[in-house]
Amino acid sequence: EGDGDARFAAAIAGMGQLLTGATYLGDWGWDDAIALANGARGEDPFGYRAEAVQLMRLAESLAR
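Residues 1 to 64 (the working numbering) make up the sequence shown, in order.
Take a look at the structure:
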């Protein structure tokens, strides 16, 4: 579970970088952040991680 937590945290950090338009991401984009978060959701008893993924999808649609 610890590895999943770190990967999910990286996806959230990537989301923050994408939202601010950071130049450090190279070709890493919304699809990558969403895929990483989906792959690392693990147990989500309160649905917070699922909600974060939904927010990523909404942010991606607004960024277009």
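Glycine included, C-beta positions come from ideal geometry on N, C-alpha and C.
In whole angstroms, what separates the C-alpha of residue i from that of residue j?
i: Gly-26; j: Ala-33; result: 13 angstroms
i: Val-53; j: Gly-39; result: 11 angstroms
i: Thr-20; j: Arg-57; result: 16 angstroms
i: Tyr-48; j: Ala-6; result: 15 angstroms
i: Ala-59; j: Gly-4; result: 23 angstroms
i: Tyr-24; j: Asp-44; result: 30 angstroms
i: Phe-46; j: Phe-8; result: 15 angstroms
i: Ala-10; j: Asp-31; result: 14 angstroms
Can you tell me which of the options puts its alpha carbon nearest to the alpha carbon of residue i?
i: Leu-62; options: Gly-42, Ala-35, Leu-18; result: Leu-18
i: Gly-14; options: Asp-3, Ala-37, Gly-4; result: Ala-37
i: Arg-64; options: Gly-29, Ala-22, Thr-23; result: Gly-29
Under three-state DSSP, which class holds residue i?
i: Gly-14; result: helix
i: Tyr-24; result: coil
i: Phe-8; result: helix
Whole-angstrom Cβ separation of residue i and residue j, contact assumed at under 8 angstroms?
i: Ala-50; j: Arg-41; result: 7 angstroms
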